Amino acid sequence: MADKLFNENILEQIRHGIAKFELVSSPVSSIATPSVSHTLSTVFLGDNFNRFFARIGPSLGGGSPATKKVEHCSVHKVTGDGRCLFRALVKGMAFNKGIALSPREERDDADELRMAVKEVLCDSGKDQQQYEEALVAITVEESLKRYCQRIQRPDFWGGESELLVLSRLCGQPIVVYIPEHEHRKGGWGSGFIPIAEYGAEYRKGSREGKPRKVVRLLYSGRNHYDLLV
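Counting in this note's numbering, the sequence shown runs without a single skipped number right up to 916 at its last residue.
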């Protein structure tokens, strides 16, 4: 009961953009985990203490096979109109089903994904509790109130927070890659290196659903996402 009240207190601070967390050098678990309650109590440290906003650990999966090797794929370009993350995701999910979207369908479906994120993070207090990691990632840079204003715009740029939500909301495994030449010293290599995975649990499926094919997104390092197939 105490842990539940503590988490609700943290979420309330996140909603008002006043939650602060100690910067840590190693990954920590979700704020829903009782074992980190003591660490999060640093929210209440005095003003003379150096405070930092921080994410709850990196997205790289420690033992995930999706973050171990260079892969070679084809790049499917996505329109860079601010919707690129959402466009690439809907395009990838449709591709996995053998469906080709028209430009208008791609745009409209991308906007539906964006608004689905808004609904669970901004319009439903009950749903917010299921996406604590996304909420903390948002408050690294801004208040939740400001975020909820911006996400209503069609040119809103999606990123880690939205991937955390959509992988779960859609039951979709998603792997994000960067070009190999951006990772290697000397700028060589023609493959792609996975750097983060979301929704890995949906690869195997469950009683309620079949295993889902992975959607592979390419992050160029210039705030743009394309699709890899």
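All residues carry an ideal CB built from backbone N, CA and C; glycine is no exception.
Fair warning: this is a prediction, and the values are worked out from it, not measured in the lab.
Proximity of Ala797 and Val777 at Cβ, strictly below 7 Å: Here residue 797 corresponds to residue number 110 of the sequence shown, with the count starting at 1. Here residue 777 corresponds to residue number 90 of the sequence shown, with the count starting at 1. A contact, by the Cβ cut-off of 7 Å.
The region 778-785 touching the region 804-822, judged by at least three CB pairs closer than 8 Å: Flag = no, the region 778-785 and the region 804-822 do not touch.
DSSP three-state assignment for Pro898, whether helix, strand or coil: Translated into positions along the sequence shown, residue 898 becomes position 211. Three-state DSSP puts Pro898 in coil, outside helix and strand.
Any non-hydrogen atom of the ligand HEM within 6 Å of Tyr885 CB: By its list of ligands, the structure shown contains no ligand whatsoever, and the ligand HEM lies outside what it can speak to.
Among Arg794, Leu851, Ser761, Gly767, the one whose alpha carbon lies nearest that of Val804: On the sequence shown, position 117 is the one that residue 804 refers to. Scanning Arg794, Leu851, Ser761, Gly767 for the CA closest to the CA of Val804 turns up Leu851.
Three-state class that DSSP yields for Ala787 in the structure shown: For the purposes of this step, residue 787 is identified with residue 100 of the sequence shown, where counting begins at 1. Three-state DSSP puts Ala787 in coil, outside helix and strand.
Residue range of the unbroken beta strand (DSSP E) whose run includes Tyr864: By 1-based counting over the sequence shown, the position of residue 864 is 177. Here the beta strand (DSSP E) through Tyr864 covers 861-866.
Whether Ile861 touches Ser854 by CB criterion (7 Å): The residue you call residue 861 lines up with position 174 of the sequence shown. The residue you call residue 854 lines up with position 167 of the sequence shown. It is a contact, given that the beta carbons lie within the stated cut-off.
Helix, strand or coil at Ile825 [DSSP, three-state]: As a first step, residue 825 must be located in the sequence shown, where it is residue number 138. Ile825: helix per DSSP, three-state reduction.
Exposure of Arg791, with buried meaning 16 or more beta-carbon neighbours within 10 Å: As a working mapping, residue 791 is identified with position 104 in the sequence shown. Label assigned to Arg791: exposed.
Check whether Tyr912 and Leu772 have beta carbons under 7 Å apart: The residue labelled residue 912 in the question sits at position 225 within the sequence shown. The residue labelled residue 772 in the question sits at position 85 within the sequence shown. Cβ distance < 7 Å, so Tyr912 and Leu772 count as in contact.
Environment of Glu828 [buried if 16+ CB atoms lie within 10 Å]: Taking the first residue of the sequence shown as position 1, residue 828 is located at position 141. Glu828 is exposed by the Cβ-count criterion.
Nearest-angstrom Cβ-Cβ length linking Leu808 and Gln815, presumed shorter than 8 Å: Sequence index remark: in the sequence shown, residue 808 carries index 121 (1-based). Sequence index remark: in the sequence shown, residue 815 carries index 128 (1-based). About 6 Å separates the two Cβ atoms, so the contact holds.
Rounded C-alpha distance that separates Ser907 from Lys813: Residue 907 sits at position 220 when you count from the first residue of the sequence shown. Residue 813 sits at position 126 when you count from the first residue of the sequence shown. Roughly 35 Å between the two C-alpha positions.
Rounded separation between Glu847 and Ser877 - CA only: By one-based count along the sequence shown, residue 847 stands at place 160. By one-based count along the sequence shown, residue 877 stands at place 190. About 25 Å.
Local conformation of Asp814 per DSSP, three classes: Against the sequence shown, residue 814 aligns to sequence position 127. Helix, per DSSP.
Local Cβ density within 10 Å of Val902, reported as buried at 16 or more and exposed below that: Stepping through the sequence shown from its first residue, residue 902 is reached at position 215. Counting of Cβ neighbours within 10 angstroms places Val902 among the buried residues, the total reaching 16 or more.
C-beta contact flag for Asp842 and Gly769 at 7 Å: As a first step, residue 842 is located in the sequence shown; it is residue number 155 there, counting from the start. As a first step, residue 769 is located in the sequence shown; it is residue number 82 there, counting from the start. Yes. Within cutoff.
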